[in-house]
Amino acid sequence: MSTDERTGPAPAPTGPLSRIDYSERIPNNVDLAGDRRLQRALEGWQPKFLDWWKQLGPALPTKDVYLRTAIAVGRDGWAHFAHVPMEQYRWGIFLAERDPDRVVTFGKHKGEPAWQEVPGEHRAALLRLIVVQGDTEPASVEQQRVLGNTAPSIYDLRNLFQVNVEEGRHLWAMVYLLHAYFGREGREEAEQLLKRNSGDLDAPRILGAFNEATTDWLQFFMFTYFTDRDGKYQLGTLKESAFDPLARTCQFMLKEEAHHMFVGVTGVQRTVERTAQLMAAHRTKDILAYGGIPLDIIQKYLNFQYSVSMDLFGSEQSTNAGNYYSAGLKGRWMETRRKDDHVLIDATRQMTYVDGGELRTRTVPLLSALNLDLRDEYAADCAAGVKRWNQVLEAAGVTERLILPHEGFNRKVGAYAGHHVSPAGEVLDDEAWHARVDGWLPGDADRAAVASLMVPEYEYGRFAGWIAPPRTGINDQPVEFDYVHLLEEGLV
Ligand SMILES: [Fe+2]
Ligand SMILES: [Fe+2]
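At position 327 of the sequence shown (counting the first as 1) the number is 324 in my numbering, and the numbers step up by one without a gap.
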């Protein structure tokens, strides 16, 4: 690599408003230097964050990693790539540019100017929304902590670390809002975000899916595809918020999130590609002996991650969701593109539920079913990836296909909780469910089979046998580029 690649962020090419100030201890585009109190408070939180990163961030020792850093928040040229030691990554506070004319686009404040401060009556609800979102960001870093030890390639290792540093930055994004707008309570919540830990029995992360261990790379790819995508949809609703600093924060986070979606969709696709090659070459589904992950195990992983991610949307019917909407705190996905009154007082929709061993539908007020509205958008997006993976199977001449399970499959939250629904959408009694569930969800033997293939491949340009190489590298670099320099002798 050339020396300039090691020098860190280059000057931003866009206008002064979108510039990020890297001369500060905490890089930011919110004029942190102009608010000494806030600056000192965040500088007090910074070492605690770095301690947390050291203890619960990536476990594999590295010298440096080819990472993307945000340098501007404008449309073009927002990121810079360079090899940086991970602990020196410049986590900072980046908000999308402010639109001085922005108005609230939905709910009872529709048409009023967006809020630059938190209204007293919505303080508790906004605080809760920010804390729940903030809690998921460091959780995923904790969940993925040991994956570097079994990376299928240096290319994949770099992508894992990129996702990790950006989830760390998303924590910064939420902590900034807590410190800047919620006083002492906000500062206390910011401390708690580092004290709760994924899977901790005494102080677990807030949401269930963020306490499940990410055991292997297939699960990591499923996680970035399905669970990061939940994050994308939640951010999409907060991006519409009447509380302008939250909206601008989420707008920029969504930009970073796109890479996480990419890691998921291509990761699963490359796994399926290798599986399909082995199935075609050996004319069998049983390809574990040939070093590939059998398609039925991939399907089980998909079933698991999709169903736990569906639970993240909460109950289909929720008074809170309706109240958040009417108050202007949280909009719908693509709110401004919806062709209705954006108040929804009289609007209704259909909802599926289980009754007497059957799936039925009923009409419910839309305002009370906004979690379901968002979940439907999410499910449609998830289906697009499955279609793409099936094209890989088709191209390889394999007749089997992956499916997205029914929305009621393996659910612990909402209308389906307490019922058994098969991936195909049949309602089952206890006995039928227990007789078949091993064929639908990964068990110990499936996880052990996958784990047996998870051997690290740290040679530049080489890939573990269970996954196909990507078509192209990152930021126009070749696939065999030295994306990561490991710390061990002989590998650096
Ligand atoms: Fe995130
Ligand atoms: Fe993410």
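Glycine residues also receive a C-beta, built at the ideal position from the N, C-alpha and C atoms.
Give me the DSSP bridge partner(s) of residue i.
i	result
R357	Y350
N208	According to DSSP, N208 bridges with nothing at all.
W112	F240
F78	R65
V418	V424
H482	D61
V100	P110
T345	P362
D18	N25
Is it the case that the Cβ atoms of residue i and residue j are separated by a distance below 8 Å?
i	j	result
L363	A344	yes
Y298	P439	yes
A239	H339	no
A393	A277	yes
T234	W330	yes
N407	N472	no
V260	N161	no
Y375	Y230	yes
A210	D308	no
D538	I294	Residue 538 cannot be examined here, being either before or after the span of the chain that is shown, -2 to 489.
R459	S137	no
A273	V389	yes
L92	F220	no
L174	K45	no
V143	I90	no
R271	G289	yes
Can you give me the C-alpha to C-alpha distance between residue i and residue j, rounded to a whole angstrom?
i	j	result
E391	A377	21 Å
L168	D426	42 Å
F218	R468	17 Å
V361	Y350	11 Å
D530	W463	The question about residue 530 has no answer here: the residues shown for the chain are numbered -2 through 489.
H491	W112	Outside the displayed range of the chain (-2 to 489) lies residue 491, so it cannot be described from this structure.
L341	D225	29 Å
V81	E485	17 Å
S315	A255	29 Å
F478	L126	41 Å
V383	P24	39 Å
A170	E428	47 Å
P58	W437	37 Å
M83	S419	44 Å
D48	L124	25 Å
P201	E404	26 Å
V115	S195	30 Å
A148	I203	28 Å
D197	P135	13 Å
Using C-beta distances below 6 Å, list every residue in its chain close to residue i, excluding the 5 sequence neighbours before and after it, in chain order.
i	result
H417	L425 and W430
P6	The pLDDT assigned to P6 is 46, lower than 50, so where the model puts this residue is not dependable; a value taken from the coordinates is nonetheless given after this. Cβ within range, chain order: Y19, T66, I68 and H77.
A318	L367 and N368
F103	G328, E332 and H339
K409	D308
L545	Absent from the model: residue 545. The displayed extent of the chain is -2 to 489, so no value can be given.
G470	V476 and F478
Q474	none
E490	Not covered by the structure: residue 490. The range shown for the chain is -2 to 489.
Which residues in the same chain have their Cβ closer than 7 Å to the Cβ of residue i, if we skip the five residues on either side of it in sequence?
i	result
L35	L29, H176 and A177
A380	L401
E494	The shown model of the chain, from -2 to 489, leaves out residue 494, and the question about it has no answer.
K335	First, the amino acid is wrong: residue 335 is Arg here, not Lys. Counting only Cβ-Cβ distances below 7 Å, and skipping sequence neighbours, we find R329.
Q159	L64, R65 and H256
V262	Y222, G382 and R385
G228	T133 and E254
Would residue i count as contacting chain D if we go by Cβ distances under 8 Å?
i	result
E84	Note that chain D does not occur in the displayed structure, where there is just one protein chain.
I want to check one thing, is the minimum distance from the CB of residue i to the heavy atoms of ligand 4 below 7 Å?
i	result
E164	No copy of ligand 4 appears in this structure; the ligands present are ligand 1 and ligand 2.
Identify, in the order they occur along the chain, each residue of the same chain with its Cβ nearer than 8 Å to the Cβ of residue i, setting aside the five sequence neighbours on each side.
i	result
R22	E40 and Q43
query: If you pair each beta-carbon of the region 166 to 179 with each one of the region 108 to 123, do three or more pairs fall below 8 Å?
result: yes
query: Just checking, does the region 447 to 456 make contact with the region 272 to 283 on the three C-beta pairs under 8 Å criterion?
result: no
- prompt: Can at least three beta-carbon pairs, one atom from the region 123 to 132 and one from the region 51 to 58, be found at a separation below 8 Å?
  reply: no
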